[in-house]
Each structure stands twice: as C-alpha cells, then as structure tokens.
Amino acid sequence: MQLKIDSFLDFHFLGQVNLIPNNEQAVFLVGKANVKENGYDKQIWIYDEKTKKAKPFSSKEVNGFYALDGDSIVFTAKRKREIDKKEEKSTFTSDLYRLPLEGGEAQFLSKLPFSPTKMLALNEDELIFLGTWKKVAEDTEKVEDPTKKAALEASVEVIDEIPYWFNGRGFINKVRNRLFLYKKSTGEIKELTGPYSEVLDFDIAPGKEEVAYIAATYENVLESFQELHLLSLESGEDRIIREEVKFHYSFFGYLSDKKLLFVGSDGLLHGNNQDKDIYTLDRVSMEEKQISPKDWNVSLGSSVGSDARLIGGLSQKIEEGKFYFSTTEFDHSYLNVIDEEGKLEKLTNLPGTVDSFDVNSGKIYAVLMRELELQELYEIKEGKETKLTHFNDQANKLDRAKLEDFDFELNNINYKGYVLLPSDYDPAKKYPGILSIHGGPKAAYGTVFFQELHYFAQRGYIVFFTNPRGSDGRGRDFSDIRGEYGKIDYDNLMDFTDEVLNRYPCIDVDKLGVMGGSYGGFMTNWIIGHTHRFAAACSQRSISNWFSKFGITDIGYSFNADQQGTTPWEDFEHFWEVSPIKHAPNAKTPTLLIHSDEDHRCHYSCAMQMHTALKLHGVDSRFVLFHGENHELSRSGKPKERIRRLQEIYNWFEIYLKGEEVEVLG
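Per the working numbering, the very first residue in the sequence shown carries number 4; after that it's consecutive.
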C-alpha cells in the first residue's frame, strides 16, 4: 500500500501501560486520529493474559490521564454532564470518573479544582494527586457571578513572574503543579503543597507515612534547579533535603523504608543538558552514593525521534527495591534495571525504542517500536520480547523506503549516517536529495519509522540524516556544544552531506534540499546564510534571533542562556553573531518557513523576522503560520493541520527541486 500524507490517520498510538497487581491483566491507552473532529480519540484498553487478547475498556473520551485504584480505574474525561450554573468553567478543573475492573458503567466521582497528571493510592479511601492548579487573582476571586468572573479572567493577562507561558500549556503565571490529598468517601480535597511550589514528581513511602517529591518554589523567577522534599502526612512537616546542593532532578522515590533513590546532575561540567546519574540516599544518615557507572556514556530516557507517537508513559520506576529505566545509546533506546549496590542489567537489546513501560512483581510490559514497525505492546521476559497486540498490522503494510546506514569518521570521531532510498531506487538514475536535521540539539535520529522522511523518499527523493555533535546518546562530551552552535555542528552536517554525495553519486548536487525543526530549524536558517549549495530549504518552528529566543520563550532565559554560555547583557556580540538573522543577507536559497502561533518554545516572531529579512534581500520566501498549534505540530498537532503542513513542505520541494508545477495552497 502506498504511504500517503495522511497515512498517520490509520496509525494507532499506544502508551501509559499499567500492570494490574495480583492480576493477569494490563491496561493501557490507545490513541487514534479523528479527522472529522480534527483531534484524537483516546481510549483505555485491557489486555488479558489468559485469552491473549486486548479489548476496549472505556469510551473514547478519556483525556489522557488514568490510574489504577485497587479494583477500579480512575480517569478524567470530557463527558457531558449537568453543570451547576455557579460552577466555574476552567481549564484548571477536571471531571473524575471511576470504572470498575469487572466492567460496567463509569461512575462520576467528583469535579476536581485541578487537572491531574499523576495519582497514587494512599489507602482504600485516600488518593494523592499531582495536578495543575491556578491561583486566582484576589480581585477576581471576589466576583461571585461565574459569567462575570470568566469574562474578567479572559479579558486580561497579568504577568509578574517568569516563565509566564509554556509550550502546550499557554499562560502559566501563578499556575503550579501541586500535590492534593483526595478522600473518596467525602469528596474532601486537601492541599499538600503551597501555591508557589512547582512539583515535578512524587512518591509515597512504603509505610504510607510520608511523601517524597521534587519541586521548585518561586514567586518571581523559576530557576533551573529543583529541591528534594520529604513531607510527613502525619505532622505536615515539609523538609528540604540536600538543600545546600544545586541539582537538576528528574526522579525521586523510595527503594525501601530505609533507602531513597534520586536521579539528577549538578550541571557543573556540561550545563543543563548534562546526562544525569543515579544515586541512593540513606533515609536516616542521609549518606548518598552514586550507583550508576562513573564512565557511563548513555542518557536516561528515550530521545530517539519519530512522528508516529502520541501518548507517553513511564520511563522510570522503582519496583521491589530495584530501579527500572530507559536509556538512549547511540541511535536506539533500551530498558535497564539497577539495584542499590549498582548491579546493572540491560533488559532489552534489540534496535528500536522503548517508548514506555510498567513492571510489577517481575513482570514487564512495554510499548516498543521495532525495525520500521509502529508501536505495539510487548512482554519482556528473560531477554526475549513477545508482541502482545497487533493494532498496527495493517498500517505496517504501507510501503516503506529502503533504509541504509554507514559509518564515517570526522576528526577522529565515528559517526553514523542514514539514507532513505525510494522503494524503486535505481542507482543509474538521478534523484534530488534532502538533508533532514533533528531538533534538540540533544536528541537523536534512529532506525525507527518516521513518516515524513519515508514519505519524501517514496516520492522520489533521497533523504539523508545523521546525529552531529550536540546529539544525544553519545556521552556528555559529545552532546555538549554550549557556545558552539553553528560551528562544529554545521561543519559536521556539511561534511556528512559531502560523504553522502560521494557514496551516492545518483544524487543531483544541484537539487539538494535541507529541512529541520526547532534546533533543526535554527540550523536550516544558519545553513542558508553560510552556503548556497542547497536549492530549497524548509525551516520549521525555528530560531533566527537569539535575543528573541532569550526574551520571549518559555525556556529562553534559562536553558537557552545555558546553551549559549552567556546572556545578551554579558555578551551582546555573541548573541548577534550566532543569530541566523545576521547572516540572512548572504542567503539565496528559496525558503519555506513554518510556525505555530501558540509555539512558546520557539516563538513565531523568529519566522517573521527571517521571512522579512529574506524578502528584503530578494530571496523567495513563504511563511505559513498555523493558528492554535504549538511546538508539537508535526507530532501531535490537529490532523488537518498536520496534513496541511506536510503538503506545504512537499509542494515547496516539488517546485524548487523537481521543477514541478503544483497548486499553491491559499
């Protein structure tokens, strides 16, 4: 079957796996595009080990959050119900439902004054939630009429802290992720953390008397470091530990009643992007010990890219005194386990990615991508993987391009290059080529399926890509290019292009295209200002002006300042020199700029400025701005907008690399 622009409409996206304790079943989420509603349906499914089958367990209205609660599942949903006229309509509230595992109708439990992102059961009657909550301004709080209150909130944004917005969340001034204790029997909700604490994650002690959590508390500026807290559920005492140490944390939990485990880094050698290590912490003496290998050149989590994912899930979990976690190594991700003594075992070894998993009583289920196939649920046992579901069997029959890879060396460092060839590839013919650049830069290309890259290859382009310096999975030195953007990474990409052209003489050197998003968009903007070898370019969700990136975006003042190694006030000339907008007068390459007006990670003003600069200097440029989309347009944007985006890119390359006449979209 032919791979089309809209083929993703037939993909099933899996995630949030939960093994039911003391049961031979697992529940998980399945998502699928709904082009009619221009969104995605998400539904809870249940897999039964006895029957070896999966079946739907809920309606298709699940918002994306659900959790196990004893003999039932609790979830938030967009179901219609009777709403009291006094009830405030807000994105920071949610409807909570309970669905018995034995089946039946979902029961409405409560309207929560927050939007939950995680839930753990404290006991049969009490739950602890991590939820998104907004502090209402005092003048607004006094307004009793819900209509007037909503109008007042909608008419103005008051900003008195940074960051004031965040990609995918909108304005977040005085918005925090907080911990709440919920009592099912009475509906009572108790706030466990303060209104200025931004909680990242939490865990409950084995004895249920304490909660460990990661948080950053601020009223003015959110710093990039966090704190570790121990909160007594009996006395309410909230104690910060390791208070004197500045650390970037990503996990904190209980190995046992005597041992804690945390994951993090101080960032002293390699900045905010420094790969994290795993530590244990004695609950009484507070003695800490690094248990991850000292010379470990891997990155925790999976950062191998694909546009065939939608739903997340666990990437780290403690179970029976051991820590299970995924890692990125070169161009694949794997599942691992480590005990408190530092004994490390890799549980998966096949190429591909581990997208999420769960482990319970030694049993492991995971959502994996293998070879060029889409996501499925697998059981991992004794080094073997057994596929449990077949949601994407039909979609896997779609034509794929032929993937080839090769090793090459630059300045005594080994790299891997990837080339996608049309399925009817003939080396005697000439083909236009497209260099694709990933985002990050601390991310990675791998061998898993990437629809847009295969689509272009199947339309007669040779698509090539690599992981230059700055990419993930190669160790801390390799990924650290702070203050060097546009230098060693640019050289890597140009040398790689030379290598591809040498190995594939069938590529027409006069018909080369380049495209990338986010950091890849920055590199695309940078490339067209430093070489004329490309006949067409597509820059998406890009950076063109580091002053704008620093001052406007959600992470600009922190992460991007770290990546540049300075601030605009400390080194004005550096910020200007590394901004592609400075070098735009040198450009000649026809360039398509794609951005979204709710992208708070890389603001669309950068695309506007680049478009203006190119036009003023006589370069053909087209700027397409998507309304209501954010930085994730290419991966989880609304279906119709995803289709339009890819059609725009395809048309641009058809015109400038093939000389085709195509209908210009209005």
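Cβ coordinates follow ideal geometry from the N, Cα and C atoms, glycine included.
Determine, using beta carbons only, whether residue i and residue j come nearer to each other than 8 Å.
| i | j | result |
| --- | --- | --- |
| residue 302 | residue 557 | no |
| residue 497 | residue 534 | yes |
| residue 1 | residue 538 | Because the chain here runs from 4 to 669, residue 1 falls outside it and cannot be looked at. |
| residue 212 | residue 179 | no |
| residue 236 | residue 244 | no |
| residue 50 | residue 70 | no |
| residue 588 | residue 620 | yes |
| residue 192 | residue 116 | yes |
| residue 521 | residue 548 | no |
| residue 561 | residue 227 | yes |
| residue 627 | residue 666 | no |
| residue 670 | residue 128 | No statement about residue 670 is possible, as the shown extent of the chain runs from 4 to 669 and does not include it. |
| residue 353 | residue 388 | yes |
| residue 361 | residue 32 | no |
| residue 606 | residue 551 | yes |
| residue 224 | residue 305 | no |
| residue 419 | residue 470 | yes |
| residue 339 | residue 376 | no |
What did DSSP end up calling residue i once you bin it into helix, strand or coil?
| i | result |
| --- | --- |
| residue 17 | strand |
| residue 372 | strand |
| residue 425 | coil |
| residue 226 | coil |
| residue 603 | coil |
| residue 631 | coil |
| residue 95 | coil |
| residue 333 | coil |
| residue 555 | helix |
| residue 529 | helix |
| residue 172 | coil |
| residue 199 | coil |
| residue 46 | strand |
| residue 655 | helix |
| residue 157 | helix |
| residue 189 | coil |
| residue 84 | Only weak support exists for where residue 84 lies, its pLDDT of 49 falling under 50; the value from the coordinates is given anyway. DSSP places residue 84 in coil when its eight states are reduced to three. |
| residue 148 | coil |
| residue 64 | strand |
| residue 571 | coil |
| residue 589 | helix |
| residue 70 | strand |
| residue 612 | helix |
| residue 577 | helix |
| residue 349 | strand |
| residue 391 | coil |
| residue 432 | coil |
| residue 666 | coil |
| residue 259 | coil |
| residue 7 | coil |
| residue 649 | helix |
| residue 660 | helix |
| residue 644 | helix |
Based on the DSSP secondary-structure assignment, which residues constitute the bridge partners of residue i?
| i | result |
| --- | --- |
| residue 399 | DSSP, once it has assigned bridges, lists no residue as partnering residue 399. |
| residue 242 | 233 |
| residue 378 | In the DSSP output, where bridge partners are listed per residue, residue 378 has none listed. |
| residue 110 | 101 |
| residue 416 | 413 |
| residue 560 | Answer is none; residue 560 lacks a bridge partner. |
| residue 58 | 49 |
| residue 135 | 118, 180 |
| residue 28 | 51 |
| residue 266 | 254, 281 |
| residue 206 | 215 |
| residue 75 | 72, 103 |
| residue 597 | 543, 627 |
Say whether the stretch 623-641 touches the stretch 589-602, bearing in mind that this needs 3 or more beta-carbon pairs closer than 8 Å, one atom from each stretch. Three or more beta-carbon pairs drawn from the stretch 623-641 and the stretch 589-602 are found closer than 8 Å, and the two stretches are therefore classed as touching.
Under 8 Å, with one C-beta from each stretch per pair, do the stretch 297-312 and the stretch 8-28 reach the 3-pair mark? Result yes; three or more Cβ-Cβ pairs closer than 8 Å.
In chain order, each beta strand (DSSP E) run of at least 3 residues that lies wholly inside the stretch 273-328: Whole beta strand (DSSP E) segments, 3+ residues: 280-285, 291-293, 319-322.
Check whether the stretch 425-433 touches the stretch 274-292, taking contact to mean three or more Cβ pairs, one atom from each stretch, closer than 8 Å. The way I'd put it, the stretch 425-433 doesn't touch the stretch 274-292; fewer than three beta-carbon pairs between them come closer than 8 Å.
Cβ pair count under 8 Å reaching 3, the stretch 536-552 against the stretch 451-471: By the Cβ test, the stretch 536-552 is not in contact with the stretch 451-471, since fewer than three Cβ pairs between them sit closer than 8 Å.
Which parts of the stretch 434-465 are runs of the alpha helix (DSSP H), unbroken and 4 residues or longer, counting only runs that do not cross its ends? Within the stretch 434-465, the complete alpha helix (DSSP H) segments of 4 residues or longer fall at 454-461, listed in chain order.
For the pair the stretch 351-368 and the stretch 320-331, tell me if three or more CB-CB distances fall below 8 Å. In short, these stretches touch, since the Cβ pair count reaches three.
Are the stretch 39-48 and the stretch 56-67 touching, with three or more C-beta to C-beta distances below 8 Å? Touching, yes, given that three or more Cβ pairs across the two stretches are closer than 8 Å.
Curious, which full-length alpha helix (DSSP H) runs of at least 4 residues does the stretch 471-557 contain? Runs of the alpha helix (DSSP H) spanning 4 or more residues and lying entirely within the stretch 471-557 occur at 479-482, 491-506, 522-531, 549-555, in chain order.
Does the stretch 548-568 come close enough to the stretch 447-456 that 3 or more CB-CB pairs lie under 8 Å? Because the criterion of three Cβ pairs below 8 Å is not met, the stretch 447-456 and the stretch 548-568 do not touch.
Determine, using beta-carbon pairs with one atom in the stretch 391-408 and one in the stretch 416-429, whether at least three such pairs fall under 8 Å. The stretch 391-408, when compared against the stretch 416-429, does touch it at the 8 Å Cβ threshold.
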